[in-house]
Every structure is written in C-alpha cells, then in structure tokens.
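A.B. asks:
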Amino acid sequence: MKRVSLMIFLLTPGRTTLYDDTCFREYVAEGSGLALPETRRLYRRLLQLGVKPVFLTSRTEDESNITVTNLRRQGYYGWMKLLLKPAVHTAGELLGSVVAFKSGERQKLEDVGFIIVGNIGDQWSDILGAPEGARTFKLPDPLYYIG
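Numbering (my numbering), first residue to last: 3 to 149.
(1) Let me confirm a value: P55 is counted as buried when at least 16 other C-beta atoms fall within 10 Å, else exposed. Which label applies?
(2) With three or more beta-carbon pairs closer than 8 Å as the criterion, would you say the region 74-81 touches the region 97-108?
(3) Ordered along the chain, which non-local residues of its own chain (more than five positions away) have a Cβ less than 6 Å from that of R74?
(4) Let's test the definition: count the other Cβ atoms within 10 Å of the Cβ of A31 and tell me whether it reaches 16, buried, or not, exposed.
(5) Residue range of the alpha helix (DSSP H) that L73 falls in?
(6) Kindly list the residues whose CB is nearer than 6 Å to the CB of L49, restricted to its own chain and excluding five residues on each side of it in sequence; keep chain order.
(7) Cβ atoms of T62 and K83: under 8 Å apart, would you say?
(8) Whole angstroms is fine: what's the gap from S127's alpha carbon to V101's?
(9) Quick check: what's the CA-CA separation for L130 versus V119?
(10) Thinking C-alpha only, which one of Q125, I122, D124, P133 is nearest F116?
(11) Alpha carbon to alpha carbon, how far is F33 from T24?
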C-alpha cells in the first residue's frame, strides 16, 4: 500500500479575519504567501520518512500555476499530487461544500490504494468528513477563519 499524507499548506501574511472569498482570491493571485516554518519542517520530515504528501486545497484549478510557484518559492518540493477544486463559480461561490470536496478527494485516494496516515488542516472544513486518515491535526490559521 502507498502511504500518503494530506496537507493543507499554510501560507500567511500574519492576520486573522473572517474569510472573504474576494480578498482571498486576490491574495492567492499575488503568490506572496509565506510558509509557516513548523509546517515546512514537518513536510520535509515526512519526505525523509518516505511519505508522499498530497496538497488538497480549496484553491481552484485556475489558480494552479500561482499555487505551485508559491509552494516552490517557500521550499515545498516533491509532493505527489496537488488537488484543486474545479474552477466553477455561481454568484461568486464554488459549487459544493469544502467538506464534500475534500472528503471526496480523500476517498478517491483510498479507493486507488493509498493509506492516509495524516490529515492536517487549518480549518475544520479541511479535516471533517470520512475518510479522515489515521491521524487528524487541526492547526490554527493566522490568516482567516471560516465562521
């Protein structure tokens, strides 16, 4: 069986506010997010242990290039997959809930033989919904919270 760790990468300008989709999309487009050192250190350790990290994010497919560029600038390399939400918008909102999208993507990984050894996220919507993985970690988010 292949081992995979799901990670929601943490890149932050250092403030906490209620989530605003428009502001967040503008922030993503800047590609200026900074990695939290502890998260990057954990990521590197997982690679050393042979875990194949997967980034599962609510960022959309049309934000793929800037997301990959930002990850690499912040020292993230060697991930197995970057799973993004389809770029389908209705009145400014993505179709479907974050929990449904992320739990569905985790299920797809398990269906093809991956074992989710850890699920790390900074919002409850990142980690709720089956399958959750062997261990689940909810981290604080210094950028925003979903109320």
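Note that beta-carbon positions come from the ideal geometry of N, C-alpha and C, so glycine has one too.
C.D. replies: Concretely, from the data shown:
(1) Within the sequence shown, residue 55 is the residue found at index 53, counting from 1. The residue in question, P55, is buried, as its Cβ has 16 or more Cβ neighbours within 10 Å.
(2) no
(3) Along the sequence shown, one-based indexing puts residue 74 at 72. Here the set comprises nothing.
(4) If you number the sequence shown from 1, residue 31 lands on position 29. A31 is exposed by the Cβ-count criterion.
(5) Walking along the sequence shown from the start, residue 73 turns up at place 71. L73 -> alpha helix (DSSP H) spans 66-75.
(6) Here residue 49 corresponds to residue number 47 of the sequence shown, with the count starting at 1. Excluding residues within five positions, the ones whose Cβ falls inside 6 Å are G80.
(7) Indexing the sequence shown from 1 puts residue 83 at position 81. Indexing the sequence shown from 1 puts residue 62 at position 60. No, these two residues do not count as a Cβ contact at 8 Å.
(8) Along the sequence shown, read from residue 1 onward, the residue named residue 127 stands at position 125. Along the sequence shown, read from residue 1 onward, the residue named residue 101 stands at position 99. Each residue's Cα considered, the two are about 5 Å apart.
(9) Position 128 of the sequence shown holds residue 130. Position 117 of the sequence shown holds residue 119. CA-CA distance, L130 to V119, rounds to 15 Å.
(10) Translated into the one-based positions of the sequence shown, residue 116 becomes position 114. Comparing Cα positions, the closest option is P133.
(11) To locate residue 33, count along the sequence shown from 1; it is residue 31. To locate residue 24, count along the sequence shown from 1; it is residue 22. It is Gly, not Phe, that sits at residue 33 in the sequence shown. Spanning the two alpha carbons is a distance of roughly 15 Å.
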